[in-house]
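Below is one structure, written out as structure tokens; the observations come after it.
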Amino acid sequence: MYTFATHMTNTIKKAKTKINILKCLSGTEWGQDKETLVMHYKSIGRSVLVYIAPIWTPILADNHGKRLQ
Numbered sequence: 112m113y114t115f116a117t118h119m120t121n122t123i124k125k126a127k128t129k130i131n132i133l134k135c136l137s138g139t140e141w142g143q144d145k146e147t148l149v150m151h152y153k154s155i156g157r158s159v160l161v162y163i164a165p166i167w168t169p170i171l172a173d174n175h176g177k178r179l180q
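Everything in the sequence shown is counted per this note's numbering, starting at 112 for the first residue and increasing by one.
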């Protein structure tokens, strides 16, 4: 059975890249405010993770689900 392993790995890499961008924007002394960071996360970070979730969810392996968390 196909487990989306390759696609999952690529998606995790994309999400980590985008979350690292948010980390750069959230400097302690000069960073963006919380509302701006949440808005950016919802637009660039979460969209990557949610894009194909309805198709993955029924057949996603347990270890892949843990990696997404």
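Built from N, CA and C at the ideal position, the CB exists for glycine as well. Only a predicted model underlies this, so the values are computations on that prediction, with no experimental measurement involved.
- In the three-state scheme derived from DSSP, where H, G and I count as helix and E and B as strand, GLY142 is classed as coil.
- Here THR120 is not near LEU136, since their CB atoms are 9 Å or more apart.
- Shortest Cα-Cα distance from GLY156 to any of ASP144, LYS124 and ILE130 involves ILE130.
- Around the beta carbon of THR117, fewer than 16 other beta carbons sit within 10 angstroms, so the residue counts as exposed.
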